[in-house]
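Engineer:
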Amino acid sequence: MGLPRLPPVLGEGSTPLVEAGEGVYAKLEYLNPSGSFKDRGVGYSLRMASLLGYDCVVVDSSGNTGLSTALYSARLGLKARVYVPRGASPGKKALIRATGAELVEAGSREEAARLAEAEAEKCFHVAHPTNPLFIEGVKSLGRELAGEAARGADVLAPVSSGTLLLGIYRGLEEERGGFRLVAVQSPAAYSLKGLVQELGWVGGVEGRLLDALLLTRPPRLGEMARAVRESGGGVVVVGDGAIPGAVREAVQRGFLVEPSSAAVFAAHEVLKEKKWLSGRSLLVLTGSGLKYASLLEKLAAEAA
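Under my numbering, the first residue of the sequence shown carries the number 278, and numbering increases by one thereafter.
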């Protein structure tokens with residue numbers, strides 16, 4: 278028996294799909310309540326946690342999952358503790374604190390995960406890279422894409438923990454949609470290296486600007502690789518050198534997204550130049566740039 282479909286908590290999901298160029302469409306996941314696609318998985322997970330009787334929540338996050346967890350916990354009356362690596366976005370950390378959640382800074386992404394895991398017996402552990410409830414929530418994105426334009430399309434998405442990739446894949450598979458998945462990764466967290474076809478690399482070997490793509494050893498890596506291979510897709514690596522131009526392109530097309538989301542524009546350009554694309558592309562824009570106002574201004578100016 279499968280997991281139930283639950284109603285949204287804060288209206289998450291059903292985000293717009295808009296034209297972003299000839300044969301290119303953008304799925305505006307950054308318009309979810311907390312500003313990222315993570316609201317789909319968090320909303321589903323915390324509604325289930327509430328139904329199961331939990332009164333506290335713990336999560337480790339580079340920022341977006343933490344903010345989403347803090348916001349949804351406030352809505353549902355749950356106490357939240359969020360562990361983030363020290364390099365997390367100042368804007369995201371400020372917003373997490375604004376919700377009333379407890380914010381704890383760890384040294385690294387992996388240390389944050391270990392600290393959260395240690396509290397899993399006392400509180401509901403969101404554990405988004407492994408929690409089946411989280412991926413179940415993100416599957417709604419795949420189902421929406423299947424009903425919009427995914428058949429025969431190339432779907433480009435930023436990939437770190439793999440929850441977005443797997444949610445899209447499973448949702449599309451349920452709807453029997455023919456598609457190819459392209460994982461867009463940072464050089465600093467190129468976990469799919471050697472496991473799937475490398476379709477291109479642009480922007481050098483630094484990945485400091487891609488602060489939402491930090492997980493170097495995702496626990497579902499084997500599943501991620503199989504999903505990409507079975508779809509006939511591959512991976513494009515995007516480094517810092519390509520981000521100013523990608524941010525500028527995104528903004529000029531009307532999309533205020535964070536650098537890790539803008540990376541899909543750089544990846545799309547690589548595939549376009551290589552004539553790899555099938556004809557229709559779906560770019561999943563995962564996180565809001567409003568959390569990075571000063572940085573976006575700086576990056577766009579660099580690319581001018």
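The C-beta atom is built at its ideal place from N, Cα and C for all residues, glycine as well.
Please confirm if the region 440 to 447 is in contact with the region 566 to 573, defined as three or more CB-CB distances below 8 Å between the two stretches.
Structural biologist: no
Engineer: I'd like to know whether the C-beta atoms of F401 and V319 end up nearer to each other than 7 Å.
Structural biologist: no
Engineer: Identify which residue in A578, S565, F314 has its Cα closest to the Cα of R525.
Structural biologist: A578
Engineer: Residues in its own chain within less than 7 Å of E413 by CB, not counting five upstream and five downstream?
Structural biologist: L280, Y321
Engineer: Nearest to P285 by CA position, among V403, K399, A519, L418, is which residue?
Structural biologist: Taking the Cα of P285 as reference, the smallest distance to any Cα among V403, K399, A519, L418 is reached at L418.
Engineer: Flag A371 as yes if its beta-carbon sits less than 7 Å from any beta-carbon of chain D, otherwise no.
Structural biologist: Protein chain content of the structure displayed is limited to a single chain, and chain D is not contained in it.
Engineer: Report the three-state DSSP secondary structure of K356 (helix, strand or coil).
Structural biologist: Judged by DSSP in its simplified three-state form, K356 adopts strand.
Engineer: With a floor of 4 residues, list each alpha helix (DSSP H) that falls wholly inside the region 468 to 538, ordered by position along the chain.
Structural biologist: 498 to 508, 520 to 529
Engineer: Give me the residue from S508, R352, A460, V359 with the minimum Cα distance to L392.
Structural biologist: V359
Engineer: CA-CA distance, S385 and V361?
Structural biologist: 8 Å
Engineer: By the 10 Å Cβ neighbour count, where 16 or more other Cβ atoms means buried, how is S537 classified, buried or exposed?
Structural biologist: buried
Engineer: So, is V482 buried or exposed, given that buried needs 16 or more other C-beta atoms within 10 angstroms?
Structural biologist: exposed
Engineer: With three or more C-beta pairs closer than 8 Å as the rule, is the region 347 to 357 touching the region 285 to 298?
Structural biologist: yes
Engineer: I need the DSSP call for H405, collapsed to helix, strand or coil.
Structural biologist: coil
Engineer: Applying the criterion that 16 or more other CB atoms from any shown protein chain within 10 Å of the CB defines a buried residue, is P495 buried or exposed?
Structural biologist: buried
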